[in-house]
Each structure stands twice: as C-alpha cells, then as structure tokens.
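**Student:** First the structure, which I've put down as structure tokens, then a few questions once you've had a look.
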Ligand SMILES: [Zn+2]
Ligand SMILES: [Zn+2]
Ligand SMILES: [Zn+2]
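Numbering (the working numbering), first residue to last: 619 to 1359.
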C-alpha cells in the first residue's frame, strides 16, 4: 500500500511512502500520524490518503518506520478543510495540516530516549478501584483520574507534564494498581463519550429583550444546516446573551460549540462569564499564553468530544471537533482575525468554510461589520438579524468634532477637550482618551538641522520612551540610547515631536492632579495578568482618566465612562490603503461604544485637522451603516474588493534591486497569460521600504472575482516555483490582504 503524507516543510505537495508488510497488522487511515525517514532524519507526518498508486517508481519509495496512532486524530472533513485552506492561500499542505494538533504531538521523541516506549498503565485491579479509596490521598487521586482516562497508558513525561507527582505513581505501583508496560504504538487519546454528560446543560439564562429573543429564535431555526448569520448589534446591545442562548440550544442537541474571540478580549473575565453560566459544561480554552502541556490537555478534551464549548483565538479553527454543531465569531470585523505570517488566512472566511463542510451555522457578531460581510447580506447570501437597542436604557453617545487647526494644544489636548474632561470628572464619571500611539514622543528632531532619530534597520523613526528611558523601534524592536546632542550638526536643540500615550499621561497628571490616570497599552499591559489588573482598577467606578491604545478600544465594558476623547485620527484619513477608512470607521465606532454603556449618557469628542472630511461628517452624523453603504458604492465604482478580488506577492531581500528583479519576472509570467483575466499593479517598494534590515517590495494582482484570481494564481505560482530568482528573495503570497503594502 502507498501512503500519501503531508510533510511539515515549505513544499506545496504531498509525498509518497510505502507501508511495509511488518506494519500491515495495524489499521492505517487518513488522519493518523506516522514516522518516516526524511533525508537522514526521521520526522512525524500525517497520512492524507491511503492508496495503491504513486507517480514515483515503486523501487524509489521508502517505507514508513512506525504508525503512531491507533485511530485517526483528525477526521476526513478536517483534512478536506486543510486541503482547501492550503489551496486557497497557496500555502504548503504539510504546514497547514500541522495546525490541527498541538506542537508536542509533531515533535520527534529523541532517539536516545530508552523510555520512549514505556507506558504507565493501570492494572485490572487498578481499573476496578473505587476512587473513594483515595479520599485522603489527593495526589494519588489526581493520578488515578488521569490514568483512568488513558486505559492504554501514558508516558512518564506526559504524566509529569500534566502535573502528576512521581511519588504518587510510585505509591500506586507498590499496591500493584499501576504497572509499566512497553508499547510499540502511541495509545489512542482518551475518548470520553460526550453523551455520558447530562443531555440538558445547566444554564442560568438572563431575560432577553424582544430583539434578542427574535434573534435567538431565528438562529435556532437554522441550527441543523450551514448558513452564515450576521448578528448586527450596536455596542452594548447584548450580543453575548444571544450567543449564550444559542450555545445552550446547541448543547441540548449534544453538540460542540466553537467560539472565536479576539486575543485582546480573551481575558479571565470573559471566560468566567461562560463558566458561570454553564456550570456543568466542560469548556476548552485556547490562547497564546498556554504552555505546551496545557495546550495538549485542552486539545485532547476538544478532540475527544469531552469539551463542549471550545473558546479561542483564530487558530482554534483548526481544532478537531468530532461533534461540531455551531460556530460563533465574536467581533467578526476585527483585523486580528487575519493571520499575518505563514498561512495568511482570514479566520472569518475559514470559519465559513468549516461551517459549510460540517453543515453547521456560523454566527458573525459585530457592531461594525466589514464591507464584505455587508455586501453578502445585501446579496442575500448571508442571513442577517439586528439588535438596535442598548441594554439597560443606555443611549448611544453624542458625537462632536473639535477642529484643532491653529489651536494651542497642551499635551495633545485642545482647549474644548480639556474643559469637557474636567466637567465629566467633576460629575463623578470616568473619561477615556484614545490615541493609537504608545511611547512618549513619536521621535526626536534636531531643531537646528532637521535630523531625526531613525532606526538603522527600518525606514522608520524611533519612538521615545520614558520608562525605560530609551529610543525604541516599533517595527523591529531595536533599542538605542536617547541622545541630547545632534548626530549631524552637534547642535543641542533636540526636541520631541509627536505625542504618545506616555506623554499624555504625564500632562494629565499635571492638569488633573486630583484624579488618577490609568494607561493601557502594550508597555503597561505586557501580559494578560497586567491587563486584567489594570481593568480591575478601572472597575472600582471612581472618577479617573483612562488613556490607551487599541487595547482599551476593544471589547471591554466601562460602565462609568461618560466621555470618550479620540485624540488623533488624521493619520488614518491620509493613508493610501483603500481599506484604511473602513478600519478607521470601525475603530471610531468601537471606541465610541465604550461611552455611556450603562445609565450614564455619553459624549464622544474627536480631534482632527480635517473637520470637513466628508467621511468623518457622515460617520458621525449618520452612523456606521450609512458610512458603509456609501463606502460600498465607492468601492463598486473604483472596482475594488469586495466587488473584485485582490492578492499580493511580497518580496524581501537585503537589496531592493533583487526584489524588483524577482517581482518583474513574476509580472512577466502574468503578462504572458493575458487570458487569465488577472491584472497586475506594480511592482513597487512597500510603504515601509525597509524593515529590520530587509528591503520590501510588493506586486498586486487583481481579478474580477475570487475564482478567476485563484485560477490565475495557481498557474502563476507553479511557474514561480521554476524561477531561479525566487531563491534570492524571501517571498510570499497574501490572498485577500487586509493591508496592501
Ligand atoms: Zn542637527
Ligand atoms: Zn516602544
Ligand atoms: Zn527598526
């Protein structure tokens, strides 16, 4: 028999191996891991297909060395999903399929390890024990509970990684309840039947308003088939309560529910919300802070069907779920749903694909849906249901623009802004100031000759920080000492230019000494715990000033905030990227949504040099939907996505000439196929032409629709793989990029 396997290497194809007669005793199927020779090494790969034919002559095929699983780890639908994703994003299949299980399961066990085949396994006596025996031995009880889940046994490493104590194992072994055995294949994973759980999950619902109830009713009617459902709810309208009711219904149908949320919202607070409402339902949680062994544990509960609610950031989408019944994407507009390296996928688009393959509905929730989603609703390809009322009588905030032209700014704040801040603080409320730039000052400038503190490795200025006192490049993380004498002219007139969150905080402490300030950005909230601590400080509800970047703008609820100040949007208004205004409109609406969420009516003040900008006027007067309608019309006229399809090829190299030569060659390949229907734009240097020492350039591909684009790209990439120049650069394809340059 021939095994077609996916190798975790940057190669866009599968490889064939022989199944030797010595291994034909065991069942072999797609989705199992096998160990194979790879050059002079051994690697772990996944079987994609089992067949009898190969394009390689039989005598050239090498036999596999071992079968590592008794049952497939991933089902055929998930394999099909990965094949689709690898094909659509033009990414190696081996690297794509590797996303379906945790890194520890892809790792090769060191050859020297003599313990590699030794498993700790419960004896028949051990299996028959009453767990009450261990009432007074909690460590042994822990070990027993885990081992009972793995009747085929666990390695010592696995047990220790799971927090089991060595002495507990020794004690159990002394009683002949536990034994060490030698096993030739990895035991199958625990397979706790999900239906051993109560059919009706324990759920404490909150009362729904009429709109919420209608949304829940509508979604329930579609739980048995695939359909994208757009939940369009203004901030504070109680989308989460709708999710929870739908989750409850899916649980009652014995299904697993997959919930995607942005990393920034994945705080203990969010998790508690789910746990407190579904007290007897096992929940698996995936986020970037998990250790390898924690990740393995979470994965096993999801893959076995034991965990019923699976919550995570975008990559959770690749988790094997035997009983998937519903997919929910919260904040479905969030740019963080797009992966920006390796497999550059949109988690929203892949969630729809996974829902389609599993024939389950996909709920997209947001207050500011992307233009693409809204177009699909207009075309009636997606269902849509709206929540327009804010919970608890809360009203949407009022908007006002502050024209900052020729105004004297103090600490980046105009006079009217400072007045409103003191008024709102005096009435006992909180104030939130949003600025999308951390650090103290954007950079240093020599007032005598115009020299600026640029990063040596990027086409970018270095940001000045006070704590720690240094220059810092936000693009390559380089740091440098702060200088006070100009490098170019020896002048001593070095000034700070541009305002960051750190500087604003300093000014606020001078202006409003009676009120505490809390700064939330990547420098103060460098991990989840730090963020959680800052949020806890905010929730004491005393008057104070919150100042922060995007981290503060997303997801979190601040019921005492009555004034939101948006300090600088002008950069977003001037961006050459056609998606910039869409993202800015989403951001402004989301930040504004933090105000007046409870009984306090809110005010949003926006500082700009462009008070007459039609986009700003429309967004503030008529709201996000009116903006989106107008923006869609513009995109249609300009022939831009979502009415057309775009991909880019980016190239990086120590020499810009090499990038241009490579991309010109790619463009020639495209030009030789005029029938493909693809037009190219560029090549051109990227907006930041140099980053971390590498020059960057980009070539844009546009086609009338996604199918044409895909066909063209497929043809093109097979030809690029023949180009000699491709080895001189680092290049990648980005399909449906969220930023072009
Ligand atoms: Zn100078
Ligand atoms: Zn910095
Ligand atoms: Zn840099």
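Ideal Cβ placement from N, Cα and C applies to all residues, glycine included.
Excluding the 5 residues flanking residue 798 on each side, which residues of the same chain have their C-beta closer than 8 Å to its C-beta?
**Tutor:** To locate residue 798, count along the chain shown from 1; it is residue 180. Spatial neighbours of residue 798 in its own chain (CB-CB distance under 8 Å, excluding positions within 5 residues in sequence) are listed in chain order as 736, 737, 738, 739 and 791.
**Student:** Ordered along the chain, which non-local residues of its own chain (more than five positions away) have a Cβ less than 6 Å from that of residue 814?
**Tutor:** The sequence position of residue 814 within the chain shown is 196, counting from 1. Confidence in residue 814 is poor, its pLDDT being 40 and thus under 50, which makes the residue's placement unreliable; the coordinate value appears in the next sentence. Nothing meets the Cβ criterion.
**Student:** Out of 1153, 1265 and 1190, state which residue places its alpha-carbon closest to the alpha-carbon of residue 1225.
**Tutor:** Taking the first residue of the chain shown as position 1, residue 1225 is located at position 607. It is 1190.
**Student:** Where does residue 948 land, buried or exposed, given buried means 16+ other C-beta within 10 angstroms?
**Tutor:** As a first step, residue 948 is located in the chain shown; it is residue number 330 there, counting from the start. It counts as buried.
**Student:** Could you pull the DSSP bridge partners for residue 917 from this structure?
**Tutor:** In the chain shown, counting from the first residue as 1, residue 917 sits at position 299. DSSP lists no partner for residue 917.
**Student:** Along the chain, where does the beta strand (DSSP E) that runs through residue 655 open and close?
**Tutor:** In the chain shown, residue 655 corresponds to position 37, counting from 1. Here the beta strand (DSSP E) through residue 655 covers 651 to 656.
**Student:** Does the distance from the CB of residue 930 to the CB of residue 968 come in under 9 Å?
**Tutor:** Numbered from its first residue, the chain shown carries residue 930 at position 312. Numbered from its first residue, the chain shown carries residue 968 at position 350. Their beta carbons are not under 9 Å apart, which means residue 930 does not touch residue 968 by this criterion.
**Student:** Quick check: what's the CA-CA separation for residue 874 versus residue 927?
**Tutor:** Along the chain shown, read from residue 1 onward, the residue named residue 874 stands at position 256. Along the chain shown, read from residue 1 onward, the residue named residue 927 stands at position 309. In a straight line, the C-alpha of residue 874 is about 6 Å away from that of residue 927.
**Student:** Please identify the residue among 1353, 1326, 1334 and 1321 whose C-alpha is closest to the C-alpha of residue 706.
**Tutor:** Translated into positions along the chain shown, residue 706 becomes position 88. The option with the nearest alpha carbon to residue 706 is 1353.
**Student:** So which of 1063, 821 and 908 has the shortest CA-CA distance to residue 1111?
**Tutor:** The count along the chain shown starts at 1 and reaches residue 1111 at position 493. For residue 1111, the nearest C-alpha among the options comes from 1063.
**Student:** Pull up the distance between the alpha-carbon of residue 817 and that of residue 1000, whole angstroms please.
**Tutor:** On the chain shown, residue 817 is found 199 positions in, with the first residue counted as 1. On the chain shown, residue 1000 is found 382 positions in, with the first residue counted as 1. Note that residue 817 scores 49 on pLDDT, short of 50, meaning its location in the model is unreliable; the coordinates nonetheless yield the value given after this. Going from the Cα of residue 817 to the Cα of residue 1000 covers about 31 Å.
**Student:** Could you tell me the boundaries of the beta strand (DSSP E) in which residue 850 lies?
**Tutor:** In the chain shown, residue 850 corresponds to position 232, counting from 1. Segment 846 to 851, the beta strand (DSSP E) holding residue 850.
**Student:** So, are the CB atoms of residue 878 and residue 703 less than 9 Å apart?
**Tutor:** Counted from its first residue, the chain shown places residue 878 at position 260. Counted from its first residue, the chain shown places residue 703 at position 85. Their beta carbons are not under 9 Å apart, which means residue 878 does not touch residue 703 by this criterion.
**Student:** Which ranges does the beta strand (DSSP E) cover as unbroken runs of at least 3 residues, wholly within the stretch 868 to 942, from first to last along the chain?
**Tutor:** Entirely contained in the stretch 868 to 942, the beta strand (DSSP E) runs reaching 3 residues are, in chain order, 874 to 878, 901 to 904 and 927 to 930.
**Student:** What span of residues does the beta strand (DSSP E) with residue 1103 cover, start to end?
**Tutor:** Counting from one through the chain shown, the residue named residue 1103 turns up at place 485. Taken as a continuous stretch (DSSP letters only), residue 1103 belongs to no beta strand (DSSP E), as it is neither H nor E.
**Student:** Distance check for residue 1182 and residue 1166, CA to CA, integer angstroms please.
**Tutor:** The residue you call residue 1166 lines up with position 548 of the chain shown. The residue you call residue 1182 lines up with position 564 of the chain shown. C-alpha separation (whole angstroms): 11 Å.
**Student:** If you drop the 5 nearest sequence neighbours on each side, which residues of the same chain put their C-beta closer than 6 Å to that of residue 862?
**Tutor:** As a working note, residue 862 is residue 244 in the chain shown. Excluding residues within five positions, the ones whose Cβ falls inside 6 Å are 895.
**Student:** Could you tell me the boundaries of the alpha helix (DSSP H) in which residue 1044 lies?
**Tutor:** The count along the chain shown starts at 1 and reaches residue 1044 at position 426. From DSSP, the alpha helix (DSSP H) with residue 1044 extends over 1033 to 1044.
**Student:** May I have a chain-ordered list of the beta strand (DSSP E) segments no shorter than 3 residues that lie completely inside the stretch 986 to 1016?
**Tutor:** 1001 to 1005
**Student:** Are the stretch 1082 to 1089 and the stretch 1197 to 1210 touching, with three or more C-beta to C-beta distances below 8 Å?
**Tutor:** Three or more beta-carbon pairs separated by less than 8 Å are not found between the stretch 1082 to 1089 and the stretch 1197 to 1210, which leaves the two stretches without contact.
**Student:** What are the residues that DSSP puts in a beta bridge with residue 1263?
**Tutor:** For the purposes of this step, residue 1263 is taken as the residue at position 645 of the chain shown. Beta-bridge pairing links residue 1263 to 1321.
**Student:** At what residues does the alpha helix (DSSP H) containing residue 742 begin and finish?
**Tutor:** To locate residue 742, count along the chain shown from 1; it is residue 124. 742 to 745 is the extent of the alpha helix (DSSP H) around residue 742.
**Student:** Kindly examine ligand 1 and report whether one of its heavy atoms sits closer than 8 Å to the Cβ of residue 586.
**Tutor:** Any property of residue 586 remains undetermined from this structure, which presents the chain solely from 619 to 1359.
**Student:** Run through DSSP, which three-state label would residue 1085 get?
**Tutor:** Here the question's residue 1085 lines up with position 467 in the chain shown. Three-state result, residue 1085: coil.
**Student:** Would you check whether ligand 3 has a heavy atom nearer than 8 Å to the C-beta of residue 1096?
**Tutor:** The residue given as residue 1096 occupies position 478 in the chain shown. For residue 1096, the shortest separation between its Cβ and any heavy atom of ligand 3 lies below 8 Å.
**Student:** Looking only at C-alpha atoms, which of 988, 1154 and 1106 sits nearest to residue 1246?
**Tutor:** Looking up residue 1246 in the chain shown gives position 628. It is 988.
**Student:** Could you check if residue 823 is buried or exposed, using at least 16 other CB atoms within 10 Å of its CB as the buried criterion?
**Tutor:** Locating residue 823 in the chain shown gives position 205, where the first residue counts as 1. Exposed: under 16 other Cβ atoms inside 10 Å.
**Student:** Excluding sequence positions up to five away, which residues of its chain have a Cβ less than 7 Å from the Cβ of residue 795?
**Tutor:** Within the chain shown, numbered from 1, the residue matching residue 795 stands at position 177. Excluding positions up to five away in sequence, the list reads 740, 741, 743, 744 and 747.
**Student:** Given a cut-off of 9 Å, decide if residue 864 and residue 890 are closer than it, judged by their beta-carbon atoms.
**Tutor:** By 1-based counting over the chain shown, the position of residue 890 is 272. By 1-based counting over the chain shown, the position of residue 864 is 246. No, Cβ-Cβ distance for residue 890 and residue 864 is not below 9 Å.
**Student:** Quick one: what does DSSP say residue 733 is sitting in, helix, strand or coil?
**Tutor:** Taking the chain shown and counting its residues from 1, one reaches residue 733 at position 115. For residue 733, the predicted structure reports a pLDDT of 45, less than 50, and the residue's modelled location is therefore unreliable. A value from the coordinates is still provided. Correct three-state label for residue 733: helix.
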